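Input: a single structure, listed below in structure tokens.
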Amino acid sequence: MKHFYLVMFLFICTLGFSQESAKSSLDIDGFKLYPNPVTQGKVYIETAQNSPKKILVFDVLGTKVLETTIIGRELNLSELDKGVYILRVFERNKIATRKLIVK
Numbered sequence: 001m002k003h004f005y006l007v008m009f010l011f012i013c014t015l016g017f018s019q020e021s022a023k024s025s026l027d028i029d030g031f032k033l034y035p036n037p038v039t040q041g042k043v044y045i046e047t048a049q050n051s052p053k054k055i056l057v058f059d060v061l062g063t064k065v066l067e068t069t070i071i072g073r074e075l076n077l078s079e080l081d082k083g084v085y086i087l088r089v090f091e092r093n094k095i096a097t098r099k100l101i102v103k
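And the structure:
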């Protein structure tokens, strides 16, 4: 019985490490999002490559409320109502997803 628990423990550890390395290889390098919470209607997105980025913003129900592409680092969110959103950023073949609060 001890061998079974040992095998299960090693399996779970291996699974956890494999998911962590897969996630880090897909995340955008040097991703920074500020200010969060947004108070002035603008948010800045910085990355290491600073390439054009496709931006998707979803509300908490999963409805897409904004889709745009930015070339620089400034994203205008003045059209959004106050609330909590999910921000998804695509840059080249990498993705970053963050919670965004608009006040």
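No gaps in the numbering here: position 37 of the sequence shown is 37 in UniProt numbering, and each next residue is one more. Ideal Cβ placement from N, Cα and C applies to all residues, glycine included. Note that the coordinates shown come from a computational prediction; the quantities given were computed from them, not determined experimentally.
Keeping to the same chain, check which residues put their C-beta closer than 6 angstroms to that of residue i; ignore five residues upstream and five downstream.
i: Glu67; result: Leu56
i: Asn93; result: none
i: Pro37; result: Ile101, Lys103
i: Leu61; result: none
Taking DSSP's pairing of strands, which residues face residue i in a bridge?
i: Asn36; result: None; Asn36 has no bridge partner.
i: Leu66; result: Val57
i: Lys99; result: Ile86
i: Glu46; result: Lys32
i: Leu75; result: Val43
Leaving out five residues on either side along the sequence, give the residues of the same chain with a beta carbon under 7 angstroms from the beta carbon of residue i.
i: Ile71; result: Pro52
i: Phe48; result: For the sequence presented, residue 48 should be read as Ala rather than Phe. For Ala48, where only same-chain residues beyond five positions count, the Cβ hits under 7 angstroms are Asp29, Gly30.
i: residue 112; result: Outside the shown range of the chain (1 to 103) lies residue 112, about which nothing can therefore be said.
i: Glu74; result: Lys42, Tyr44
Tell whether a beta-carbon distance below 8 angstroms holds between residue i and residue j.
i: Arg98; j: Leu26; result: no
i: Lys43; j: Leu80; result: The sequence shown places Val at residue 43, rather than the Lys named in the question. Taking 8 angstroms as the Cβ cut-off, Val43 and Leu80 do not qualify as a contacting pair.
Which residues in the same chain have their Cβ closer than 8 angstroms to the Cβ of residue i, if we skip the five residues on either side of it in sequence?
i: residue 117; result: Any property of residue 117 remains undetermined from this structure, which presents the chain solely from 1 to 103.
i: Thr39; result: Lys103
Please find out if some non-hydrogen atom of the ligand SAH comes closer than 7 angstroms to the beta-carbon of residue i.
i: Ala96; result: Among the ligands in the structure shown, none appear at all, so the ligand SAH cannot be discussed.
Validate contact between the region 47-57 and the region 73-91 using beta carbons, cut 8 angstroms, 3 pairs: Touching, yes.
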